[in-house]
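Here is the structure we will look at, set down as structure tokens.
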Amino acid sequence: MLNITILAVGKIKEKHFLVAFTEYLKRLKPYAKCIVEEVKAESFDDANRLNAKRKEGERITNYLKKFPDSRVLLLDEKGEEHTSEKFAQSLEKINGHIIFVIGGSLGFDFKILDGFSRLSLSRLTMPHELARVVLIEQIYRATTIIKNKEYHH
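Going by my numbering, the sequence shown wraps up at 181, each residue one higher than the last.
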């Protein structure tokens, strides 16, 4: 059984995103252990954007230090893209704990988070709340592909 953590900056505030995310998290339970952790999003204005991004990056790093043996994937539009089938194959090959990290509205501070693998859900930019929904749906889809369950196609 897959052991997954979704680490996100901030909370889901929009009800429709929360409903969709919760539904896929529930569907995933028979196939994977998945927990969601959130670090505080930093408020910002134009003058302190870089400082806010740095603080969020430090919070992410502090969380990740607790799991030195985990496979960490940062969700980033410039990351590696996969088809759903390829994503399923990649997940199936990973032994141990996987941490998917979703940045806040400012993205990641790569000076702090350099060295981690990057995964792209799409080349399109999307709200981080929507990225959570797309990620959990793709994890669910991948597990159904791995288990040969009807869902994908």
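Quick reminder that beta carbons are idealized off the backbone N, C-alpha and C, glycines included.
Asked                                                                                                       : Found
Proximity to Ser118 [Cα-Cα], best of Thr153, Lys57, Arg99 and Ala75                                         : Arg99
Start-end ranges of the beta strand (DSSP E) lying completely within the stretch 60-137, minimum 3 residues : 60-67, 99-109 and 125-130
Span of the alpha helix (DSSP H), counted from its first residue to its last, around Ile173                 : His156 to Ile174
Segment contact, 8 Å Cβ cut-off, at least three pairs: the stretch 32-43 with the stretch 56-74             : yes
Rounded straight-line distance, which links the Cα of Lys41 to that of Lys57                                : 23 Å
Alpha-carbon spacing of His125 relative to Ala75, whole angstroms                                           : 38 Å
Per DSSP, cross-strand counterpart(s) of Ile34                                                              : Val64 and Phe128
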